[in-house]
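Single-structure report; data block below.
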Amino acid sequence: MNTTTLKPLGGGLLALALAVSAQTAMANDSAEQIISSKCLACHTQEADQQWSRISHQRKTPEGWLMTIARMQIMHGLQISDEDRRTLVKYLADRQGLAPEETEGARYALERRLNTSEAFESQEFTEMCARCHSGARVLLQRRPAEEWEHLVHFHLGQWPTTEFQALARDRDWFELALNQMVPHLAEALPMESAAWDQWQQQPAASVSGGWTLVGHMPGRGAFHAEMKVMPAEGQDQYQVSLSGQYDDGAPIQGQGMAVVYTGYEWRADLEIDGRAMRQVFALRNGQLEGRMFLRDHDEVGADVVAARADGNSRVLALQPAYIRAGNQAEVSIIGTGLKGMPVLGQGIDVIEVISESDSLIKVRARASEAASGIHEVSVGDAQGGRFAVYDRIAQVKVVPEFAVARVGGNGSSTPKVEARFEAEAWAVGPDGKPGTDDDYRIGMMPAQWAVAPFDEVAEADGDVRFTGQMNPDTGVFTPAAAGPNPERRMMTNNAGNLKVQATVMDGDDTHNAEGQMIVTVQRWNNPPIP
8 MNTTTLKPLG GGLLALALAV SAQTAMANDS AEQIISSKCL ACHTQEADQQ WSRISHQRKT
68 PEGWLMTIAR MQIMHGLQIS DEDRRTLVKY LADRQGLAPE ETEGARYALE RRLNTSEAFE
128 SQEFTEMCAR CHSGARVLLQ RRPAEEWEHL VHFHLGQWPT TEFQALARDR DWFELALNQM
188 VPHLAEALPM ESAAWDQWQQ QPAASVSGGW TLVGHMPGRG AFHAEMKVMP AEGQDQYQVS
248 LSGQYDDGAP IQGQGMAVVY TGYEWRADLE IDGRAMRQVF ALRNGQLEGR MFLRDHDEVG
308 ADVVAARADG NSRVLALQPA YIRAGNQAEV SIIGTGLKGM PVLGQGIDVI EVISESDSLI
368 KVRARASEAA SGIHEVSVGD AQGGRFAVYD RIAQVKVVPE FAVARVGGNG SSTPKVEARF
428 EAEAWAVGPD GKPGTDDDYR IGMMPAQWAV APFDEVAEAD GDVRFTGQMN PDTGVFTPAA
488 AGPNPERRMM TNNAGNLKVQ ATVMDGDDTH NAEGQMIVTV QRWNNPPIP
């Protein structure tokens, strides 16, 4: 990011600002020296800090990492891990994406690989999202000339592109050059007002305390305090995390973080003895994104965090629902929580069990007439939602469709689990289920099972061979990779299953179904799929 003009500061702050500025200048000099020594054998210098091809693209940190890795794999670039990290930081800061330019495609950065993509343009879907995700395209910016270079690269590197399905029925190369290139140059341009404006923003501080809340399918909700301290290196930080899950089990961890482009938070931590990664976006004093296991990125949590010394706000309630006429213990998590909690009309706080600036535990009681979604406040702090329901009208399996992958058994890739939750819904004022005024209650405990999706799955014994569903957690663990002598034609342990959830609501039983494909390993698994 560009820096803004320094205003008069106190001696300590001025010294810190000058130190950071000097550190940034040194990092830039180092990156430019690496480019001169490693890149200019093929690229040419066009001007000061301007190089052919390199200076005419904008990407996320993961995008630049993939570009450099491609230079290593396809063109024999020899570069150390340290130098590669330096280049990724330099290029992502100078030629990254503005926050709003990543909206709608962050699922790829956050490793939400069960996302089913859908685009308005059928042409884009067939021409650009056939071999890789559409998000990979949406997370970069180029002028028309560079998009044209990319088309030529695709066909030169993968000549069978024209012979594959959705290509051999058309003049693929002509369509790519004359229709897709102009479309991409207009929709995803190198120059944009969003990027110009973002470069003028002052760098936001991330040092200090943060209050963090999250929810992990198969494990539950959690909250924690996260401390961030400056470390050696440009925009690098030491991170520690301490909190607990909603069942009282502790969550502890520490590691390192780097901030790219002024807002792209990437951290590697060891949490409860397991390596985890954080991919967050920093906006308006809040971090939001996903935290997942490094070696099993299907296991992750949606996370929101806010600065402890920032604006007062309510981040979450755990649990975020209560049945009408009942009482329950509720945790309110946020920042600057001072005052009496207000959970909504018809909901009484009958006891404050404990309280701090970031966590208030109360016992609440909802009246019979309080059904609906309620706004929550604690003094000046607002946010969150609290649902009161008289009965469950409908249950949905989330995700509705998922993919699990066989693995292990001596192969180079581990098994990829699938994780499911049961989402409960209540009817709105019209009293009819399935209409627009229905409201979400939240995730409910459920019992889980799998069944054949169709007659073919039943005949092939897919339930027997594909893996095991944990009946209590909704976590499906696929079977081992490789041919199975017990299966017809010795095929592998792939299959097509129904995912069945059963939720008890008093004396009522609610059932829901989803679908899961258990398939083979994914051998090519880049940072942006």
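When the sequence shown is numbered by this note's numbering, its final residue is 536 and no position is left out of the sequence of numbers. The C-beta atom is built at its ideal place from N, Cα and C for all residues, glycine as well.
Asked, Found
"Could you tell me whether the stretch 209 to 228 touches the stretch 246 to 258, using the rule of 3 or more Cβ pairs below 8 Å?", "yes"
"Which ranges does the alpha helix (DSSP H) cover as unbroken runs of at least 4 residues, wholly within the stretch 228 to 268, from first to last along the chain?", "none"
"Does histidine 50 come out as helix, strand or coil in the three-state DSSP assignment?", "coil"
"How should leucine 47 be labelled, buried or exposed, when 16 other C-beta atoms within 10 angstroms of its C-beta is the threshold for buried?", "exposed"
"How many angstroms separate the CA atom of leucine 157 from the CA atom of histidine 303?", "31 Å"
"Rounding to the nearest angstrom, what Cα-Cα distance links glutamate 465 and threonine 473 in this structure?", "12 Å"
"Report the option in Thr484, Leu98, Leu219, Gln334 whose CA atom is closest to the CA atom of valine 310.", "Leu219"
"Helix or strand or just coil, what does DSSP make of isoleucine 399?", "coil"
"Residues bridged to asparagine 518 by DSSP?", "Thr509"
"Quick one: is alanine 29 buried, meaning 16 or more other Cβ sit within 10 Å of its Cβ, or exposed?", "In this prediction, alanine 29 scores a pLDDT of 48, lower than 50, which makes its location untrustworthy; the coordinate-derived value is nonetheless stated afterwards. So alanine 29 ends up on the exposed side."
"Which runs of the beta strand (DSSP E) at least 3 residues long sit entirely within the stretch 282 to 336? Give them in chain order.", "293 to 300, 307 to 314, 320 to 325, 328 to 330"
"Could you name the residues that DSSP lists as bridge partners for isoleucine 380?", "Ala394"
"Could you tell me whether the stretch 410 to 425 touches the stretch 487 to 499, where touching means 3 or more Cβ pairs closer than 8 Å?", "yes"
"To the nearest angstrom, how far is the alpha carbon of glycine 513 from that of glutamine 334?", "15 Å"
"So arginine 65 packs on glutamine 147, CB below 8 Å; how close in whole Å?", "7 Å"
"Please give the ranges of any alpha helix (DSSP H) in the stretch 179 to 236, keeping only runs that are unbroken, at least 4 residues long and fully inside the region.", "179 to 182, 188 to 194, 200 to 206"
"How would you call serine 44, buried or exposed, if buried means at least 16 neighbouring beta carbons within 10 angstroms?", "exposed"
"Can you look up asparagine 531 in the DSSP assignment and give me helix, strand or coil?", "coil"
"Is it a yes or a no for the stretch 184 to 204 touching the stretch 127 to 136, going by three-plus beta-carbon pairs under 8 Å?", "yes"
"By the three-class DSSP mapping on this structure, what secondary structure does phenylalanine 427 have?", "coil"
"Excluding the 5 residues flanking aspartate 461 on each side, which residues of the same chain have their C-beta closer than 8 Å to its C-beta?", "Asn503"
"Check for me: the beta strand (DSSP E) holding leucine 120 runs from which residue to which?", "Here leucine 120 belongs to no beta strand (DSSP E), and DSSP marks it neither H nor E."
"Here's the rule: buried if 16 or more other CB atoms are within 10 angstroms of the residue's CB, otherwise exposed. What is lysine 96?", "buried"
"Taking only three categories from DSSP, how would you classify serine 28?", "Annotation note: pLDDT 47 at serine 28 (below 50); position unreliable, coordinate value reported separately. Correct three-state label for serine 28: helix."
"Assign aspartate 461 to one of three DSSP states: helix, strand, or coil.", "coil"
"Taking one C-beta from the stretch 360 to 371 and one from the stretch 322 to 337 each time, how about it: are there three or more such pairs within less than 8 Å?", "yes"
"Say whether the stretch 318 to 330 touches the stretch 340 to 352, bearing in mind that this needs 3 or more beta-carbon pairs closer than 8 Å, one atom from each stretch.", "yes"
"Report yes or no: do three or more beta-carbon pairs, one from the stretch 392 to 400 and one from the stretch 106 to 119, lie closer than 8 Å?", "no"
"The beta strand (DSSP E) spanning leucine 157 covers which residue range?", "Here leucine 157 belongs to no beta strand (DSSP E); instead the alpha helix (DSSP H) covers 151 to 164."
"What three-state label does DSSP hand aspartate 469 in the structure shown?", "helix"
"For glycine 317, which residues in the same chain have their Cβ closer than 7 Å to its Cβ, ignoring the five residues on either side in sequence?", "Gly292, Thr342"
"Would you mind reading off the limits of the beta strand (DSSP E) that contains valine 369?", "366 to 373"
"Assuming tyrosine 97 is part of the alpha helix (DSSP H), what are its boundary residues?", "88 to 101"
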